[in-house]
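Asker: Mind having a look at this structure? Questions to follow.
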Amino acid sequence: MPYKFSFDLSRIPKTFFRELASITSEKSLHRKLGGRARYLAEKFRIQEITGLEVSDALMLVEDLVDIYVRNLSETQKFHKTKKRALLLPHCARKYMDHHCQANFNPEIPSYSCGHCSEDCLVRRATKLANENGIDVFVLAGSSCVPQILKKNGYEGIIGVACSHELKIGGDFMQYLGLTGQAIPLTKNGCANTRFSLETLKKIMTNS
Ligand code: SF4
Ligand code: SF4
Numbered sequence: 709m710p711y712k713f714s715f716d717l718s719r720i721p722k723t724f725f726r727e728l729a730s731i732t733s734e735k736s737l738h739r740k741l742g743g744r745a746r747y748l749a750e751k752f753r754i755q756e757i758t759g760l761e762v763s764d765a766l767m768l769v770e771d772l773v774d775i776y777v778r779n780l781s782e783t784q785k786f787h788k789t790k791k792r793a794l795l796l797p798h799c800a801r802k803y804m805d806h807h808c809q810a811n812f813n814p815e816i817p818s819y820s821c822g823h824c825s826e827d828c829l830v831r832r833a834t835k836l837a838n839e840n841g842i843d844v845f846v847l848a849g850s851s852c853v854p855q856i857l858k859k860n861g862y863e864g865i866i867g868v869a870c871s872h873e874l875k876i877g878g879d880f881m882q883y884l885g886l887t888g889q890a891i892p893l894t895k896n897g898c899a900n901t902r903f904s905l906e907t908l909k910k911i912m913t914n915s
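In our numbering, the protein residues as written are 709 to 915.
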């Protein structure tokens, strides 16, 4: 199930994500994951800043830790991939209605950005991907991921979504023996969602 709560991490200091990355690179993390997530949630006052319930804030941070750990275990393999795809969530478009000029391909099904707005996150991510030779699919859900992954001979997948969708996509990717990197949303809610372009750029350029 997607989260039953909405969150927005845009006011959380960037050091949170740096510490998250640093903590998840610890070799024996799996033995103390719960404790680390709680430590991070408390240190960065996630509950206070986001207004979430304590248990929701903890769940959110635990899921982020999970995603970072999984990314780390796939990094080396991912760096060797050449043919890549970027899967973006449709909820990060600037417009969710007729103002969005994206083309919809019912065969996949997915959107491709029509570049109507300079400041649209999906447009900016699509541009970055195009510059790096990466195919882009803007998806309305994870159900079409199998079709995309099976058909096109991709070696590496970059997935942007909320934790729930990332988990489904990640499991399927693993099932097919593919590798990838996941970028969790920093603001959920199924409309006007946000993610880090900076992280996306780093992943695309193997830096
Ligand atoms: S820039 Fe692209 S994805 Fe964003 S609203 Fe316009 S057409 Fe849709
Ligand atoms: S937040 Fe976006 S990626 Fe997550 S379930 Fe909603 S629409 Fe899908």
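We put the CB at the ideal spot given by N, CA and C, even for glycine.
Check each candidate in E863, S818 and S820 and name the one with the smallest Cα separation from M881.
Answerer: Translated into positions along the sequence shown, residue 881 becomes position 173. Checked all of E863, S818 and S820; the closest Cα to M881 is E863.
Asker: Would DSSP call Y803 helix, strand or coil?
Answerer: In the sequence shown, counting from the first residue as 1, residue 803 sits at position 95. Residue state, collapsed to three classes: coil.
Asker: Closest Cβ-Cβ distance between Y819 and chain D: below 8 Å?
Answerer: Reference to chain D is not applicable here, since this structure consists of a single protein chain.
Asker: Taking DSSP's pairing of strands, which residues face R902 in a bridge?
Answerer: Here residue 902 corresponds to residue number 194 of the sequence shown, with the count starting at 1. DSSP output for R902 lists K895 as bridge partner(s).
Asker: Smallest Cα separation from Y920: which of L728, F786, F715 and L857?
Answerer: Here the chain comprises residues numbered 709 to 915, so residue 920 is not present and cannot be evaluated.
Asker: For Q755, which three-state DSSP category applies?
Answerer: As a working note, residue 755 is residue 47 in the sequence shown. Looking at Q755 - three-state DSSP - the assignment turns out to be helix.
Asker: How big is the Cα-Cα spacing for V846 and L796?
Answerer: As a first step, residue 846 must be located in the sequence shown, where it is residue number 138. As a first step, residue 796 must be located in the sequence shown, where it is residue number 88. If you take the alpha carbons of V846 and L796, they lie about 5 Å apart.
Asker: Just the Cα atoms here: how many angstroms apart are A869 and H798?
Answerer: Here the question's residue 869 lines up with position 161 in the sequence shown. Here the question's residue 798 lines up with position 90 in the sequence shown. Taking the straight line from one Cα to the other gives about 9 Å.
Asker: Who are the near neighbours of F812 in its chain, counting only those whose CB is closer than 8 Å to its CB and skipping five residues on each side?
Answerer: Mapped onto the sequence shown, residue 812 falls at position 104. So the qualifying residues of the chain are S818 and Y819.
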